[in-house]
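Chemist: Start counting the sequence shown at 1339; every next residue gets the next number (our numbering).
My questions all concern the structure below.
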Amino acid sequence: MYYYNKFVINLSLFDREYDLIIIGGGVAGLAAALGAVEAERKCNILLLEKNNEFGKNIRGELIYDDEEILDIIFPEGLPLHLINIQIATARYYSPSTKEYYEKIYTRNKISIEYRILVQELIKLILKKGCKISLGTIVTEIEQINNIYSVINCKFNDNFYSLKTKCIISADGVKSKLREQVGLKEPNSIYPMIKTIAENVKLEDKNRLEFFLTVNPPGVIWIFPKSGDTAEVGFTIFTDFIEEEKFELEKIFFNHLENYPILKDRLKNSGIIYQNLDFLPFGGMIYENFIPNIIFIGDSMGHVGAVGGSGIISSMSIGFLTGNFLANNVNKLTSELFLELNNNIKKSDIGKFLKKEMKQASLIRNLLYKSLGTLEKIDANWEKIKALMTSR
């Protein structure tokens, strides 16, 4: 089920003022909307999404099912139709595939359906009174008395100006609004290709597989979903290469053909979904606001820097942000935004993201600066395994 404009939109949405407008309908923006509608103070809230459907670009689909944010959003437990399978282990192969490290998960890690998660979040915010507008492209934000409080947007080839007391922007890693207000982008933004393939030959349907690469430095992954379906993707660690231009798809499919294990896994498979995107692998950006706009999600690096997983971290920070701002929407000051910023940094998720950033730097620098070749990585695999185990 998808939510299209003709079902949820009417032009009166553009003729009123709002307490809070959220830009971006991914999990960060939707969680912010949910946090806002569940605040003690009731607000007029609008969520804007540029695409004509939610969940168009499928993001990460691996989570631990005991995360606090899941208990808050789904107090009766995760909807069963959201869950694909339980993941028991992860195997990390050296670039030669001669060596590997096996991780056993002691917590309940599961594969989920991203689009179903998005749909469940939409149902919750609509029931609580949040308004949504699809196919709405934000073109610019404006200040009144040095406070960002006007959103200019385009809907159905018409232009509108929306007034609001506060803006939460969750418009993605390549955020144009972040650039407009002069905030720093996350470090280590890496290109990635994500595919979903059918009829994959999975050796173990409850095991994740990661294949490190050196030419160029990066990682290929295979994540089982259900049956013989799996996510297969690739990212290049561009911090460690000099080339500014490269053909990501070509490199990816060459690797799939040239790695014997990958070739065997995928020889009879077919791709049913493919998307090129970017992910921030460099950790959280701490300067995330200018009165009265705050940025969350990929645009601020709210993604685990080791594995690139951002569902739980983005939802947690989104919910916290929406709830805090809705409760304080009539007394917003720079000091309040700074308090929110500090709350994010001191939260369990904030601490996790900081730890992940340090671990990611250690692992990648060892692999691609200190070592760098197939032979050196294999020769030092025990050291690499020890570092991975410490994580």
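Yeah, the Cβ is synthetic: ideal placement off N, Cα and C, and Gly gets one too.
Could you say which of 1392, 1383, 1629, 1399 lies nearest to residue 1645 if we only look at CA atoms?
Modeler: Here residue 1645 corresponds to residue number 307 of the sequence shown, with the count starting at 1. Considering only alpha carbons, the answer is 1399.
Chemist: What does DSSP give as the partner residues of residue 1431 in its beta bridges?
Modeler: In the sequence shown, residue 1431 corresponds to position 93, counting from 1. The partner list for residue 1431 (beta bridge, DSSP) reads 1438, 1549.
Chemist: Comparing alpha-carbon positions, which option in 1640, 1416, 1542, 1453 lies nearest residue 1393?
Modeler: To locate residue 1393, count along the sequence shown from 1; it is residue 55. With distances taken between Cα atoms, residue 1393 lies closest to 1453.
Chemist: Give the C-beta separation of residue 1437 and residue 1716 to the nearest angstrom, bearing in mind that I take them to be a contact with Cβ-Cβ under 8 Å.
Modeler: Against the sequence shown, residue 1437 aligns to sequence position 99. Against the sequence shown, residue 1716 aligns to sequence position 378. Confirmed, about 5 Å.
Chemist: Compare the beta carbon distance of residue 1461 and residue 1383 with 8 Å and say whether it is the shorter of the two.
Modeler: Residue mapping note: residue 1461 aligns to position 123 of the sequence shown, counting from 1. Residue mapping note: residue 1383 aligns to position 45 of the sequence shown, counting from 1. No, the Cβ-Cβ distance between residue 1461 and residue 1383 is not below 8 Å.
Chemist: Got a sec, what are the start and stop residues for the alpha helix (DSSP H) residue 1598 sits in?
Modeler: For the purposes of this step, residue 1598 is taken as residue 260 along the sequence shown, with counting starting at 1. Note, residue 1598: alpha helix (DSSP H), 1598-1604.
Chemist: Pick helix, strand or coil for residue 1453, following the three-state DSSP scheme.
Modeler: By 1-based counting over the sequence shown, the position of residue 1453 is 115. Note: residue 1453 maps to helix in three-state DSSP.
Chemist: By alpha-carbon positions, which one of 1547, 1415, 1379 ends up nearest to residue 1425?
Modeler: By 1-based counting over the sequence shown, the position of residue 1425 is 87. Taking only the C-alpha atoms, the option nearest residue 1425 is 1547.
Chemist: Counting only runs of 3+ residues fully inside the region 1563-1646, write out the beta strand (DSSP E) ranges in chain order.
Modeler: Those beta strand (DSSP E) runs which fall completely within the region 1563-1646 and span 3+ residues are 1567-1574, 1608-1618, 1631-1633.
Chemist: When DSSP labels each residue in this structure, what does residue 1716 get in the three-state scheme?
Modeler: For the purposes of this step, residue 1716 is identified with residue 378 of the sequence shown, where counting begins at 1. Helix at residue 1716.
Chemist: So residue 1674 is in the alpha helix (DSSP H); what residue range does that whole segment cover?
Modeler: Position 336 of the sequence shown holds residue 1674. Looking at the DSSP string, the run of the alpha helix (DSSP H) that includes residue 1674 is 1672-1684.
Chemist: According to the neighbour-count rule (16 or more other Cβ atoms, all chains shown, within 10 Å of its Cβ), is residue 1342 buried or exposed?
Modeler: Residue numbering aside, residue 1342 sits at position 4 when the sequence shown is read from its first letter. Model confidence at residue 1342 stands at a pLDDT of 44, short of 50, so the residue's coordinates are unreliable and nothing is read from them.
Chemist: DSSP on residue 1480, reduced to helix/strand/coil?
Modeler: The residue labelled residue 1480 in the question sits at position 142 within the sequence shown. Residue 1480: strand per DSSP, three-state reduction.
Chemist: Would you mind working out which of 1688, 1567, 1589, 1649 sits nearest residue 1622, comparing C-alpha positions?
Modeler: Mapped onto the sequence shown, residue 1622 falls at position 284. Measuring from the Cα of residue 1622, the nearest candidate turns out to be 1688.
Chemist: In the DSSP output, which residue or residues are listed as bridge partners for residue 1507?
Modeler: Translated into the one-based positions of the sequence shown, residue 1507 becomes position 169. Paired residues: 1361, 1633.
Chemist: Is residue 1497 helix, strand or coil when you go by DSSP?
Modeler: Residue numbering aside, residue 1497 sits at position 159 when the sequence shown is read from its first letter. The answer is strand: DSSP assigns residue 1497 an E or B state.
Chemist: Per DSSP, which residues does residue 1529 bridge with? Please list them.
Modeler: Taking the sequence shown and counting its residues from 1, the one referred to as residue 1529 is at position 191. Partner(s): 1616.
Chemist: Looking only at its own chain, which residues have a Cβ that is under 7 Å from the Cβ of residue 1543, when we skip the five neighbours before and after it?
Modeler: Here residue 1543 is taken as the residue at index 205 of the sequence shown, counted from 1. Cβ neighbours of residue 1543 beyond the five flanking positions: 1423, 1562.
Chemist: Can you list, in chain order, the residues of its chain with a C-beta nearer than 7 Å to that of residue 1353? Leave out the 5 residues immediately preceding and following it.
Modeler: Numbered from 1 along the sequence shown, position 15 holds the residue referred to as residue 1353. Nothing meets the Cβ criterion.
Chemist: Hey, could you find the ends of the beta strand (DSSP E) residue 1416 is sitting in?
Modeler: To locate residue 1416, count along the sequence shown from 1; it is residue 78. It is not in any beta strand (DSSP E) - residue 1416 carries neither H nor E in the DSSP assignment.
Chemist: Just the Cα atoms here: how many angstroms apart are residue 1558 and residue 1434?
Modeler: One-based indexing of the sequence shown puts residue 1558 at position 220. One-based indexing of the sequence shown puts residue 1434 at position 96. Cα to Cα, the separation comes out at about 13 Å.
Chemist: As a quick exercise: from 1366, 1401, 1538, pick the residue whose alpha carbon is nearest that of residue 1752.
Modeler: There is no way to answer for residue 1752, as the model of the chain reaches only from 1339 to 1729.
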